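For reference, the structure discussed in these notes is given below.
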Amino acid sequence: MTPGSIAGTTVTLDVLRRAYGRSMRPLTSAGSYLDGDGWWAGITGAPDPDYNLALVHNGDVTAHAQHVYDVVTASRCPAIVLLAGRGLAAAQVLADRGWVCAGALDLTVFVPVLAPEDDALRVLGREDMSDARDLAAGAFGVSPGTAAIAYADTVPGEPGLTATGIFDNARLQSCTLISDGGEIETVWSLGTRKGRQRRGYARRLVDAAAARTYALRGPVPMCGLTSPQVTPLYVSAGAQVVENWQMWSRPRWLLGL
């Protein structure tokens, strides 16, 4: 391992933070992606703050937080600004503008290992995207338009993006989007069909997606940014929580107003 690297990986925490932002780039074709030394902002254009994210984590964090605030405001999209590492010291910049802390997300990391393929796993094609959008909309309580950010018809041909799913009785039961962030791969929008939760589909998908990643890229770290309710799923698959990212947003965005 390199000095300061995350246990079980060859990357540092700072690399994970920056690479996570880069993994958003393919999702921002209808918005924008900007980054700098110690910050990034990925605006997808979705009307849901969970799909427009920014992170301040290093450098002149006060100036970065002000810049990120300006980027988000100019986009006119509801968003969440995440603070991590040294970026936590910039909370007052957002508080002074009427933003509030809405809790924290867990940055989880696991390293895939050689494992048998799961016959129920399938890489989703264009013909599967409509079903994936319906599944995601029901699982997350978002509009089909928001679900289409992750499961657009163009995803199957988009470099760096792969949608996969677990099928049972010839029907898609759980799906996720894997995005290439360079040094890492990230797991986005992993959900299970409404009414089919707690049957092991999500855990099976995590395991199968990891086995596929190992077959293609070897032990490249896989990351998820998860709520405390979802984190145990990743931990059960061998992930570790390496950092908490504080969430800040406008109250009206959080209330859907």
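Per our numbering, the sequence shown starts with residue 829, numbered consecutively.
For each residue, glycine too, the CB sits at the ideal point set by N, CA and C.
As the structure is a computational prediction, the values presented were derived from the model and not from experiment.
| Check | Outcome |
| --- | --- |
| Could you work out which residue in 922, 876, 994, 926 is closest to residue 1004 when comparing CA atoms only? | 994 |
| What residues in its chain sit with their C-beta under 8 Å from that of residue 1031, if we drop five residues either side in the sequence? | 1061, 1064, 1065 |
| Is residue 1033 helix, strand or coil when you go by DSSP? | helix |
| Helix, strand or coil for residue 950 per DSSP? | strand |
| Helix, strand or coil for residue 838 per DSSP? | coil |
| For the pair the region 913-925 and the region 1038-1054, tell me if three or more CB-CB distances fall below 8 Å. | no |
| Taking the alpha carbon of residue 1023 as the point to measure from, which residue in 1057, 1000, 935 has its own alpha carbon closest? | 1000 |
| Between which residues of its own chain and residue 1079 is the CB-CB distance below 6 Å, once the five residues before and five after are set aside? | 928 |
| Which of helix, strand or coil does DSSP assign to residue 1053? | strand |
| Below 8 Å on the Cβ atoms is my guess for residue 937 versus residue 1068; work out the distance and round it to an integer in Å. | 6 Å |
| Are the CB atoms of residue 861 and residue 872 nearer to each other than 7 Å? | no |
| Are the Cβ atoms of residue 925 and residue 885 separated by less than 7 Å? | no |
| Could you check the C-alpha separation between residue 899 and residue 869 for me, to the nearest Å? | 8 Å |
| Using only alpha-carbon positions, find the residue among 945, 1034, 897 that is nearest to residue 905. | 897 |
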